[in-house]
């Protein structure tokens, strides 16, 4: 999953917003899926 602000703080729980790295990961993943890439 995408990295969250709580992950960065090494805490567990809650609905935390994505960190900048987590947001970047979602963009890369969306492109990967859109291009029909396979594992």
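In the numbering used here, the protein residues as written are 181 to 219. Note that the Cβ used here is the ideal one computed from N, Cα and C, for glycine as well.
Cβ distance (whole Å) where residue i is taken to contact residue j below 8 Å
i	j	result
residue 127	residue 199	Since the displayed the chain opens at 181 and closes at 219, residue 127 lies outside it and no answer follows.
residue 201	residue 183	5 Å
Residue i CB to nearest heavy atom of the ligand NAD below 7 Å
i	result
residue 216	The ligand NAD is absent from the structure shown, which contains no ligand whatsoever.
Endpoints, the alpha helix (DSSP H) within which residue i is located
i	result
residue 209	200 to 214
residue 186	185 to 188
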